């Protein structure tokens, strides 16, 4: 079967590349779709979001719903075939995580639950293969008084730019032992065994998946020249002024719907007189059905 992600199939790649670049959004505004009720989209709203996802693996919806209700992201995701929630140990009983500042308890030890910046990553990069995170909804209930913006990049566009620079970068990042998360013993989480895997891989449907973090602690890259060169090239790309990186600030009622694209988060400051910044994060083993 022909695939644009097969390094030996140049013809398919060039055809896919041409279409990808021609349809790529030129600004974050092209990703934003106004919706009346994210829990029950109209056909036009659904089609508009699906079209954004087909073009760039992500869409941003903007709605008037500011309620602290985890049913909003859950019901939205279900309309795109997102059903299999990754109920990680820090998520709520319904499998959806509250992303806010925690001043006590276990969560305060993990960066997403602080006001600190988060480097470039895809979600669940530390998960075993059977818990690969393919889809995600990030819904904003309350925003910070300042900061907390996200940079977003379609992982297929990262693949395209790396392959154009040097196909050997892709070959290195598709190695089964390219990136390893060392084992860890945690008082609450228990023992998490080391997880090795590729950065770029294909699912059973031939879709491209990316597993990545820009963290430098608790990460082990394969120590060969090709892998280290590929990682350096990816770091340069994510630090560059490429037009394919978008900056977005999710205001209340807005949310990101995506096939686990690359993203980061800037540091933020909460207003001490107001409730803290709150987003709901729903992570799925499913890829979006668009």
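Residue numbers (the UniProt record's numbering): 1 to 290. Note that CB positions come from ideal geometry on N, CA and C, so glycine has one too. Predicted model only: the values in this text are computed from it and were never measured.
{"query": "Go to residue 28, then tell me how far its beta strand (DSSP E) extends in each direction, as first and last residue.", "result": "Element bounds for residue 28: n/a, residue is neither H nor E."}
{"query": "Quick check on residue 13: does DSSP put it in helix, strand or coil?", "result": "helix"}
{"query": "What are the complete alpha helix (DSSP H) segments, minimum 4 residues, inside the segment 218–271?", "result": "225–238"}
{"query": "Can you look up residue 47 in the DSSP assignment and give me helix, strand or coil?", "result": "helix"}
{"query": "Do the segment 116–125 and the segment 202–216 make contact, defined as three or more Cβ pairs closer than 8 Å?", "result": "yes"}
{"query": "Are the beta-carbon atoms belonging to residue 86 and residue 133 less than 8 Å from one another?", "result": "yes"}
{"query": "If you scan the segment 126–185 from start to end, which runs of the beta strand (DSSP E) of 3 or more residues do you find wholly inside it?", "result": "135–142, 150–153 and 179–181"}
{"query": "May I have the straight-line CA-CA distance separating residue 201 from residue 23, to the nearest angstrom?", "result": "23 Å"}
{"query": "What's the call for residue 36, buried or exposed, on a 16-neighbour Cβ count within 10 Å?", "result": "exposed"}
{"query": "Can you tell me where the alpha helix (DSSP H) with residue 78 in it begins and where it stops?", "result": "71–78"}
{"query": "Is the beta carbon of residue 179 sitting closer than 8 Å to the one on residue 221?", "result": "yes"}
{"query": "Consult DSSP for residue 119 and reduce its assignment to one of helix, strand or coil.", "result": "strand"}
{"query": "Measure the Cβ-Cβ separation of residue 168 and residue 226 and say whether it is below 8 Å.", "result": "yes"}
{"query": "Does the segment 155–166 come into contact with the segment 227–245, if we say contact requires no fewer than three beta-carbon pairs (one atom in each stretch) closer than 8 Å?", "result": "yes"}
{"query": "In this structure, how does DSSP classify residue 8 when only helix, strand and coil are distinguished?", "result": "coil"}
{"query": "Please report the distance separating the alpha-carbon of residue 60 from that of residue 258.", "result": "9 Å"}
{"query": "I'd like to confirm the pairing. Which residues does DSSP put opposite residue 40 in its beta bridges?", "result": "The partner list for residue 40 (beta bridge, DSSP) is empty, contrary to what the question assumes."}
{"query": "Grab me the residues of residue 96's own chain with a C-beta within less than 8 Å of its C-beta, minus the 5 sequence neighbours each way, in chain order.", "result": "70, 73, 74, 85, 280, 281 and 282"}
{"query": "Buried or exposed: which applies to residue 11, given that a residue is buried once 16 or more other Cβ atoms fall within 10 Å of its Cβ?", "result": "exposed"}
{"query": "Answer with buried or exposed for residue 176, where buried requires no fewer than 16 other C-beta atoms within 10 angstroms of its C-beta.", "result": "exposed"}
{"query": "At which residues does the beta strand (DSSP E) containing residue 61 begin and terminate?", "result": "58–62"}
{"query": "By the DSSP assignment, the beta strand (DSSP E) with residue 87 in it spans what residues?", "result": "No beta strand (DSSP E) holds residue 87; DSSP gives it neither H nor E."}
{"query": "Can you give me the C-alpha to C-alpha distance between residue 142 and residue 148, rounded to a whole angstrom?", "result": "11 Å"}
{"query": "What residue range does the beta strand (DSSP E) around residue 284 cover?", "result": "278–284"}
{"query": "With C-beta atoms as the reference, is residue 58 less than 8 Å away from residue 261?", "result": "yes"}
{"query": "Suppose contacts are defined by Cβ-Cβ distances below 8 Å. Is residue 101 in contact with residue 255 by that definition?", "result": "no"}
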